[in-house]
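> Before I ask anything, here is the structure I am working with.
Residue numbers (the numbering used here): 3 to 148.
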């Protein structure tokens, strides 16, 4: 694939995907960029993934609210303007804190956009079917747990 310039204005945003209570807008998939992916992630208080790892780097830039991050024995609360970078293979998790929040995330060349679309399509709103979430995550290259 030959890389092409990409411009995505708010009018062009795809509908947000419901990923176990979090709303994820795919701004640029790896299909569009030829490598990395960019997402706008918004969530209510308490939403976010369980501990997991994957074979691609991932960075988060907090835009609104506070987001709690954990990796290994480390735990931090990141406020607006904070960048958190997690190298490939790092077991990590995050939770939107009180009042929810919004962040921009950039993933290395991986399967995140496809995984988010599968979760949105295969898991109905409401209390998630955790075994199904884990199966979809594993199908897209994630390792769940510590």
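All C-beta atoms, glycine included, are put in the ideal place defined by N, C-alpha and C.
In the DSSP assignment, find the alpha helix (DSSP H) that holds residue 108 and state where it starts and stops.
That residue, residue 108, is in no alpha helix (DSSP H); its beta strand (DSSP E) goes 94-109.
> In whole angstroms, give me the CA-to-CA distance for residue 129 and residue 57.
Cα to Cα, residue 129 sits roughly 28 angstroms from residue 57.
> Please confirm if the segment 103-123 is in contact with the segment 31-50, defined as three or more CB-CB distances below 8 angstroms between the two stretches.
yes
> Would you say residue 22 reaches chain B, if we count a Cβ-Cβ gap shorter than 8 angstroms as a contact?
Reference to chain B is not applicable here, since this structure consists of a single protein chain.
> How would you call residue 29, buried or exposed, if buried means at least 16 neighbouring beta carbons within 10 angstroms?
buried
> Identify whether residue 35 lies in helix, strand or coil by the three-state DSSP scheme.
helix
> Please name the residue, chosen from 140, 75, 135, that lies closest to residue 50 on a Cα-to-Cα basis.
135
> Straight-line CA distance for residue 106 to residue 133?
27 angstroms
> Helix, strand or coil for residue 122 per DSSP?
helix
> With contact counted as at least three CB pairs below 8 angstroms, one residue from each stretch, are the segment 42-49 and the segment 93-106 in contact?
Counting Cβ pairs under 8 angstroms, three or more are found: they touch.
> In three-state DSSP terms, what is residue 135?
helix
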